[in-house]
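Chemist:
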Ligand SMILES: C[S@@+](CC[C@H](N)C(=O)[O-])C[C@H]1O[C@@H](n2cnc3c(N)ncnc32)[C@H](O)[C@@H]1O
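Numbering (my numbering), first residue to last: 2 to 221.
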């Protein structure tokens with residue numbers, strides 16, 4: 002999963018992003034999006050997607066009968082998302098905004114049943130992550146769910162060393178080509194709990210470098 006560091010190269014070519022991420026992740030990127038939607042989204046849900054990218058997961062949620070609001074800071078990723086959504090049958094259920102996480106205060110309190118995101122938190126600073134999680138909590142209804150999947154730093158010492166040594170050359174190459182890179186996230190589960198959520202499940206890949214976390218907002 003350390004190859005996800007190449008995402009920045011793919012993002013600079015949004016039209017090739019879907020094919021590229023499918024190859025890079027051996028199809029896992031699509032599978033985790035389907036899993037997040039199948040396990041957390043029900044017909045009629047109001048869903049917010051953070052960093053909607055090319056719109057793949059938003060489309061899956063809309064196909065399931067949800068109404069989706071997605072935002073992303075990248076106009077070129079959104080352009081591809083809009084083309085895909087317009088070509089599908091659920092354009093009326095998806096609304097997209099060009100927005101960074103710093104603009105999340107515009108969404109009203111308790112206005113979503115699900116907040117979901119894949120491969121975005123590894124592109125945020127720790128302050129942005131904390132900000133996004135606090136607003137995810139605020140905009141969810143009571144019993145609303147947060148579902149996140151991203152590249153994380155392994156907890157096990159040996160896996161951590163293997164991951165760091167595989168990741169470093171890829172990060173250097175990515176930085177050389179795009180002047181940006183991603184960071185595998187440290188302490189994502191803890192940050193989710195720290196924002197007030199109760200973590201329902203946190204599943205790591207075999208090498209522990211990819212985490213899928215589901216959490217709930219419980220109200221007293
Ligand atoms: C690797 S892509 C993932 C896209 C999509 N979620 C997926 O899983 O295919 C990361 C996305 O996060 C977006 N992004 C990065 N920083 C952001 C921020 N501060 N606010 C909103 N979106 C951001 C990028 O523009 C990009 O579309």
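Beta carbons are placed, not taken as given, at the ideal position from N, Cα and C, and that holds for glycine.
Which residues mark the beginning and the end of the alpha helix (DSSP H) in which residue 21 is found?
Modeler: 15 to 25
Chemist: Out of 197, 30 and 67, point me to the one whose CA is closest to residue 212's CA.
Modeler: 30
Chemist: Measuring CB atoms only, is the stretch 94 to 103 touching the stretch 52 to 63, in the sense that at least three cross pairs come out at less than 8 Å?
Modeler: yes
Chemist: Would you say the stretch 81 to 91 touches the stretch 149 to 160, given that touching needs at least three Cβ pairs under 8 Å?
Modeler: no
Chemist: Considering only heavy atoms of ligand 1, does any lie closer than 7 Å to the CB of residue 142?
Modeler: no
Chemist: Taking C-alpha atoms, which residue in 26, 83, 77 and 189 lies nearest to residue 125?
Modeler: 189
Chemist: Per the DSSP calculation, residue 96 is bridged to which residue(s)?
Modeler: 70
Chemist: Tell me which same chain residues have a C-beta within less than 7 Å of the C-beta of residue 101, skipping the five on either side of it?
Modeler: 74
Chemist: How long is the line joining the alpha carbons of residue 161 and residue 130, rounded to whole angstroms?
Modeler: 22 Å
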